[in-house]
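Beneath this line is the structure, given in structure tokens, with notes to follow.
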């Protein structure tokens, strides 16, 4: 029905593009975290800002945004159906759940570090991130237990 | 991002995305769900593929479509659904609604371009 289904070549090109994008995204966020941290320290040393933990707050907020950006792209990362070892429906569901989990966790971390007291933000992060990791791991284990049933 | 908004502006295409949320489906299965011709469905699929919201894969003679939406795009689709842009009514009625008339005009334009 539709003219341009994906081929092996286009899959390889997509993989290359995806790898390039994820490396670029990682570098941009790492650079941003270093630059923001240095700028905040510099401004604090010059007396322009009076918050001792602003640098930490900004860096952690950027880390939260990085989690969101990473989670946002998880459902777009597709494995060819022919190469799948699990049920395609369940893989899609797993990717969507994982993406939403990371995006919401990242959003909570970013907002938490911007608005909560530092100790509260730390507590929240140390509860939220392990909980997100455990949830994703549980979903992954459940996915591995399924057998492929075709598309 | 323009392509995404354009793709989500049509009720039939939103219904396609909603069906694909449940899992990958073949082109035949998908077109059975809509009271429109195969070329029209093809044009809808092309718009969704160009926007990067779905992907197709050919296995033998079967073309399988599956969702390729980021979380943000997924949220946008949910948002348009919640706003009640007559998604279900548009997909079922097939004719008569203003949204469908706009959709047909848009698809006619696409066919003329292509």
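Protein chains in written order, with the working numbering: chain A, 147 to 297; chain B, 99 to 212.
The beta-carbon is built from N, C-alpha and C at its ideal position, and this holds for glycine as well.
Suppose you measure from the CA of residue i to the CA of residue j; what does that come to, to the nearest Å?
i, j, result
"residue 255 (chain A)", "residue 157 (chain B)", "43 Å"
"residue 191 (chain A)", "residue 185 (chain A)", "10 Å"
"residue 207 (chain A)", "residue 154 (chain B)", "37 Å"
"residue 243 (chain A)", "residue 251 (chain A)", "12 Å"
"residue 178 (chain B)", "residue 113 (chain B)", "11 Å"
"residue 240 (chain A)", "residue 174 (chain A)", "27 Å"
"residue 213 (chain A)", "residue 246 (chain A)", "11 Å"
"residue 165 (chain B)", "residue 187 (chain A)", "44 Å"
"residue 277 (chain A)", "residue 283 (chain A)", "10 Å"
"residue 262 (chain A)", "residue 249 (chain A)", "19 Å"
"residue 102 (chain B)", "residue 171 (chain B)", "8 Å"
"residue 168 (chain B)", "residue 175 (chain B)", "11 Å"
"residue 149 (chain B)", "residue 142 (chain B)", "11 Å"
"residue 267 (chain A)", "residue 169 (chain A)", "28 Å"
"residue 287 (chain A)", "residue 230 (chain A)", "16 Å"
"residue 290 (chain A)", "residue 204 (chain A)", "38 Å"
"residue 180 (chain B)", "residue 131 (chain B)", "22 Å"
"residue 265 (chain A)", "residue 272 (chain A)", "11 Å"
"residue 183 (chain A)", "residue 211 (chain A)", "15 Å"
"residue 122 (chain B)", "residue 180 (chain A)", "42 Å"
"residue 118 (chain B)", "residue 200 (chain A)", "44 Å"
"residue 235 (chain A)", "residue 147 (chain B)", "19 Å"
Report buried or exposed for residue i, applying the criterion of at least 16 other Cβ atoms within 10 angstroms of its Cβ.
i, result
"residue 135 (chain B)", "exposed"
"residue 196 (chain A)", "exposed"
"residue 198 (chain A)", "exposed"
"residue 120 (chain B)", "exposed"
"residue 152 (chain B)", "buried"
"residue 300 (chain A)", "With chain A covering 147 to 297 only, the question about residue 300 (chain A) has no answer from this structure."
"residue 279 (chain A)", "exposed"
"residue 163 (chain B)", "buried"
"residue 185 (chain B)", "At residue 185 (chain B) the pLDDT is 49, less than 50, meaning the model places this residue with poor confidence; the figure from the coordinates comes in the next sentence. Its Cβ being crowded by 16 or more others within 10 Å, residue 185 (chain B) is buried."
"residue 109 (chain B)", "buried"
"residue 167 (chain A)", "exposed"
"residue 129 (chain B)", "buried"
"residue 113 (chain A)", "In the structure as shown, chain A begins at 147 and stops at 297. Residue 113 (chain A) is therefore absent and cannot be evaluated."
"residue 302 (chain A)", "Outside the displayed span of chain A (147 to 297) sits residue 302 (chain A), for which this structure offers no information."
"residue 189 (chain B)", "Model confidence at residue 189 (chain B) stands at a pLDDT of 49, short of 50, so the residue's coordinates are unreliable and nothing is read from them."
"residue 133 (chain B)", "exposed"
"residue 137 (chain B)", "exposed"
"residue 215 (chain A)", "buried"
"residue 258 (chain A)", "buried"
"residue 115 (chain B)", "buried"
"residue 217 (chain A)", "buried"
If the cut is a Cβ gap below 9 Å, which residues of chain B does residue i touch?
i, result
"residue 219 (chain A)", "168 and 169"
"residue 242 (chain A)", "119, 165, 167, 169 and 172"
Using a cut-off of 7 Å between C-beta atoms, extract the partners of residue i located in chain A.
i, result
"residue 130 (chain B)", "Under the 7 Å cutoff, chain A gives no residues; its nearest Cβ is about 11 Å from residue 130 (chain B)."
"residue 121 (chain B)", "234, 235 and 238"
Report the neighbours of residue i on chain A: residues whose CB is nearer than 8 Å to its CB, in chain order.
i, result
"residue 108 (chain B)", "The contacting residues do not exist; residue 108 (chain B) stays about 16 Å from chain A at best."
Counting only Cβ pairs nearer than 7 Å, list the residues of chain B close to residue i.
i, result
"residue 291 (chain A)", "Ordered by position in chain B, no residue passes the 7 Å Cβ test against residue 291 (chain A), which lies about 18 Å from the chain."
"residue 246 (chain A)", "169"
"residue 249 (chain A)", "169"
By the criterion of Cβ-Cβ separation under 8 Å, what are the contact partners of residue i in chain B?
i, result
"residue 170 (chain A)", "None at all; the shortest Cβ gap to chain B is about 16 Å."
Is any non-hydrogen atom of the ligand FMN found closer than 7 Å to the C-beta of residue i, if you look at the structure I gave you?
i, result
"residue 106 (chain B)", "The ligand FMN is not among the ligands present in this structure, which contains no ligands whatsoever."
Residues of the segment 202 to 228 of chain A with a CB closer than 7 Å to any CB of chain B: list them in chain order, please.
Going along the segment 202 to 228 of chain A in chain order, one finds 217, 218, 219, 221, 222, 224, 226, 227 and 228 with a Cβ nearer than 7 Å to chain B.
Please specify which runs of the beta strand (DSSP E), each continuous and at least 3 residues long, are wholly inside the segment 108 to 190 of chain B, giving them in chain order.
Within the segment 108 to 190 of chain B, the runs of beta strand (DSSP E) that reach at least 3 residues and sit entirely inside it are, in chain order, 152 to 157 and 160 to 165.
If you measure beta-carbon to beta-carbon, which residues of the segment 144 to 164 of chain B are closer than 9 Å to chain A?
Here the close residues are 144, 147, 150, 153, 154, 155, 156, 157, 160, 161, 162, 163 and 164.
Extract the residue ranges of the beta strand (DSSP E) inside the segment 160 to 236 of chain A, only unbroken runs of 3 or more that lie entirely within it.
Fully enclosed beta strand (DSSP E) runs of 3 or longer: not present.
Would you mind listing the alpha helix (DSSP H) stretches within the segment 254 to 295 of chain A that are 4+ residues and don't spill past its ends, in chain order?
Taken in chain order, the complete alpha helix (DSSP H) segments of 4 or more residues contained in the segment 254 to 295 of chain A are 264 to 290.
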